[in-house]
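S.K.: My questions all concern the structure below.
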Amino acid sequence: MITPSTLFLRLKQLLNQLKLRFYLLFTHPVKPLEPKIYRFRFGIPLILKRGRLLSSEADALGFLNRAAPHLPIPKLIDSFQTDDATYTVTTWLPGSPLLDWNDFSEEDMVVIAQDILDVLSQLWRIPQPTSLSGKVMTSASGHGLPHPATFNEKIGGPYDSTLHCYRGLVNGDLDVLATTCPDTVNAVLEDRIVWVHTDLRMQNILICNGRVSGIVDWEDSGWLPRHWQLHILRTPQQGCQGPWVRYWLWTHHFENDVETAYAASREKDMLLYRL
Numbered sequence: 001m002i003t004p005s006t007l008f009l010r011l012k013q014l015l016n017q018l019k020l021r022f023y024l025l026f027t028h029p030v031k032p033l034e035p036k037i038y039r040f041r042f043g044i045p046l047i048l049k050r051g052r053l054l055s056s057e058a059d060a061l062g063f064l065n066r067a068a069p070h071l072p073i074p075k076l077i078d079s080f081q082t083d084d085a086t087y088t089v090t091t092w093l094p095g096s097p098l099l100d101w102n103d104f105s106e107e108d109m110v111v112i113a114q115d116i117l118d119v120l121s122q123l124w125r126i127p128q129p130t131s132l133s134g135k136v137m138t139s140a141s142g143h144g145l146p147h148p149a150t151f152n153e154k155i156g157g158p159y160d161s162t163l164h165c166y167r168g169l170v171n172g173d174l175d176v177l178a179t180t181c182p183d184t185v186n187a188v189l190e191d192r193i194v195w196v197h198t199d200l201r202m203q204n205i206l207i208c209n210g211r212v213s214g215i216v217d218w219e220d221s222g223w224l225p226r227h228w229q230l231h232i233l234r235t236p237q238q239g240c241q242g243p244w245v246r247y248w249l250w251t252h253h254f255e256n257d258v259e260t261a262y263a264a265s266r267e268k269d270m271l272l273y274r275l
C-alpha cells in the first residue's frame, strides 16, 4: 500500500522532471559537449545550471541574496532536484570573463581590484548563522565543501573549528607543531571564519566597460578561514595569471591580521594542498 508521504514524493519527483523538460525546451547548452550550463532562448535573461545534490549553488545564492542583496551575483529564481542533480535557474549577468580580456593593463587591474575588494568587504561582514557558529568548511546548507586533500573531488567537513579543519591538511602532527611553533599555529587558528569564494579567479569574474559586472560560480563557496581567500587570489594557475595575480601578490596588502594568518599558513607545511 502506498502511503500519502510516498505518493507525495513521487508526485513531486514527477513534477520536477516535467519542470526540467519544460526548461530544456527553452534553453540551449553553452558548451554542447559539456551540458552543465544552459542559456535561455528568445533573449530571456536567465541561466539554467546543473549541479550536485548537496551544498548546491542554489543554497549559496539563496543565502547570499538574502544576506548581501547588493552583491553583483546572480539572483536565484528557481531550484529543484531530479535525476540525482540540483537544477538552478538564476538571472543572467552582463559582461565577459576577465580571462577573455587578453590585453588588460596594470591600470585596468587597479580599477577591477577595487570592485573585487568591495565584494570581499561585503562577504566578510556577513555574520555566520548561529546554527553554524564556528563551523569550518561549511556550505550554506550546513553540509561540507570540496576538500583540497581530494583535489576538490570529494566533500569534506563540516568541521567544528579551524583546528579540526587543519588536522587533515598539515604535514605532520598539528599538536606537535602547536608546541614547537605556537605563534605560527595560533595566527592561523585565530583568523576569522568568513564567507569565501573558493574559485575567485578570472574565468568567474565578468567585466563590462572595464568594471566588474558580476561574479559567478558560487557552488563551492562557504564558511572558511579568511586567509584562504588570499591563497586563492595569489596562487598562480589557470585563471590566476598576468596582471591579476601580480596585483594580489605584490601590490595589494590586506589587513595585518589576515596577512599574518596567510603568512603563517605558508610556514611549516601548514597547507599541503593547493586551495
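Residue numbering for the sequence shown follows the UniProt record's numbering, starting at 1 and increasing by one per position. Each residue gets a CB set at the ideal place from its N, CA and C atoms; glycine is no exception. This one's a predicted model, so the numbers in the text were calculated from it and none came from an experiment.
1) Among the residues of its own chain, which have a CB less than 8 Å from the CB of I37, if the five just before and after it don't count?
2) Compute the Euclidean distance between the alpha carbons of L230 and T198, then round it to the nearest angstrom.
3) Between the Cα of W248 and those of L174, N102, Q114 and D83, spot the shortest distance and give me the residue it belongs to.
4) Do D191 and P225 have their beta-carbon atoms positioned less than 8 Å apart in this structure?
5) Would you list the residues sitting across from C208 in a DSSP beta bridge?
6) Apply the 10 Å Cβ neighbour rule to V59 and answer buried if 16 or more other Cβ atoms are within range, or exposed otherwise.
7) What did DSSP end up calling Q122 once you bin it into helix, strand or coil?
8) Could you pull out every residue in the same chain whose Cβ sits closer than 6 Å to the Cβ of C208, ignoring the five residues on either side in sequence?
9) If you reduce the DSSP assignment to three classes, tell me which class A140 lands in.
10) In or out: I2 buried (at least 16 other Cβ within 10 Å) or exposed?
11) With DSSP run on the structure shown, which of helix, strand or coil describes K49?
12) Please state the DSSP three-state secondary structure of T91.
13) How should H253 be labelled, buried or exposed, when 16 other C-beta atoms within 10 angstroms of its C-beta is the threshold for buried?
14) Might you give, ordered along the chain, the residues of its own chain that have their beta carbon closer than 6 Å to the beta carbon of W195, omitting 5 neighbours on each side?
15) Relative to the C-alpha of P74, which residue among L33, L169, K154 and I215 is closest?
16) Does DSSP put V185 in a helix, in a strand, or in coil?
17) Use the C-beta contact count for R201: other C-beta atoms within 10 angstroms, 16 or more gives buried, fewer gives exposed.
18) Measure the C-alpha to C-alpha separation of Q203 and Q13 and round it to an integer number of angstroms.
19) How far does the beta strand (DSSP E) with T162 in it extend, from its first residue to its last?
20) For W195, report the span of its beta strand (DSSP E) as first-last.
21) If you drop the 5 nearest sequence neighbours on each side, which residues of the same chain put their C-beta closer than 6 Å to that of L206?
22) Given E106, which residues of its chain have a CB within under 7 Å of its CB, disregarding the five upstream and five downstream residues?
23) Tell me whether the stretch 76-92 and the stretch 149-168 touch, counting them as touching only if at least three CB pairs, one residue from each stretch, are closer than 8 Å.
24) Which runs of the beta strand (DSSP E) spanning at least 3 residues fall entirely within the stretch 14-76, listed in chain order?
25) For R211, tell me which candidate among G134, N65, T184 and D108 has the shortest Cα-Cα distance.
26) Does T3 come out as helix, strand or coil in the three-state DSSP assignment?
27) Which parts of the stretch 219-252 are runs of the alpha helix (DSSP H), unbroken and 4 residues or longer, counting only runs that do not cross its ends?
28) Distance, Cα to Cα, G222 vs V245?
M.R.: The answer reads as follows:
1) Walking along the sequence shown from the start, residue 37 turns up at place 37. The answer, listed in chain order, is P29, V30, K31, I47, L48, K49 and R50.
2) Indexing the sequence shown from 1 puts residue 230 at position 230. Indexing the sequence shown from 1 puts residue 198 at position 198. L230 and T198: Cα-Cα distance of roughly 10 Å.
3) Counting from 1 along the sequence shown, the entry for residue 248 is found at position 248. The candidate whose alpha carbon is nearest that of W248 is Q114.
4) Start at 1 with the first residue of the sequence shown, and residue 225 comes out as number 225. Start at 1 with the first residue of the sequence shown, and residue 191 comes out as number 191. Result yes, Cβ atoms of P225 and D191 sit closer than 8 Å.
5) Taking the sequence shown and counting its residues from 1, one reaches residue 208 at position 208. Partner(s): R211.
6) Looking up residue 59 in the sequence shown gives position 59. At residue 59 the sequence reads Asp, which differs from the Val that was named. Counting Cβ neighbours within 10 Å, D59 comes out buried, since at least 16 surround it.
7) The sequence position of residue 122 within the sequence shown is 122, counting from 1. Note: Q122 maps to helix in three-state DSSP.
8) Sequence index remark: in the sequence shown, residue 208 carries index 208 (1-based). Taken in chain order, the residues that qualify are P94 and G95.
9) Within the sequence shown, residue 140 is the residue found at index 140, counting from 1. Looking at A140 - three-state DSSP - the assignment turns out to be coil, as it is neither helix nor strand.
10) On the sequence shown, position 2 is the one that residue 2 refers to. So I2 counts as exposed.
11) Walking along the sequence shown from the start, residue 49 turns up at place 49. For K49, the secondary structure class from DSSP, reduced to helix, strand or coil, is strand.
12) Position 91 of the sequence shown, counting from 1, holds the residue named residue 91. T91: strand per DSSP, three-state reduction.
13) Mapped onto the sequence shown, residue 253 falls at position 253. Exposed, by the Cβ-count rule.
14) Your numbering for residue 195 matches position 195 in the sequence shown. These residues qualify, in order along the chain: L123 and I126.
15) Translated into the one-based positions of the sequence shown, residue 74 becomes position 74. Measuring from the Cα of P74, the nearest candidate turns out to be I215.
16) Taking the first residue of the sequence shown as 1, we reach residue 185 at position 185. V185 falls in the helix class under three-state DSSP.
17) Position 201 of the sequence shown, counted from the first residue, corresponds to residue 201. With 16 or more other Cβ atoms within 10 Å, it is buried.
18) Taking the first residue of the sequence shown as position 1, residue 203 is located at position 203. Taking the first residue of the sequence shown as position 1, residue 13 is located at position 13. Cα to Cα, Q203 sits roughly 34 Å from Q13.
19) Stepping through the sequence shown from its first residue, residue 162 is reached at position 162. It is not in any beta strand (DSSP E) - T162 instead sits in the alpha helix (DSSP H) that spans T162 to R167.
20) Sequence index remark: in the sequence shown, residue 195 carries index 195 (1-based). I193 to V196 is the extent of the beta strand (DSSP E) around W195.
21) Your numbering for residue 206 matches position 206 in the sequence shown. Only L93, G95, S213 and G214 meet the Cβ criterion.
22) The residue labelled residue 106 in the question sits at position 106 within the sequence shown. Within the same chain, E106 has close Cβ partners P243.
23) no
24) 27-29, 37-40 and 46-51
25) The residue labelled residue 211 in the question sits at position 211 within the sequence shown. When each option's Cα is compared against that of R211, the closest is D108.
26) As a working note, residue 3 is residue 3 in the sequence shown. It is coil, neither helix nor strand.
27) Unbroken alpha helix (DSSP H) stretches of 4 residues or longer found wholly inside the stretch 219-252: 227-234 and 242-246, given in chain order.
28) In the sequence shown, counting from the first residue as 1, residue 222 sits at position 222. In the sequence shown, counting from the first residue as 1, residue 245 sits at position 245. When rounded, the distance between both Cα atoms is 22 Å.
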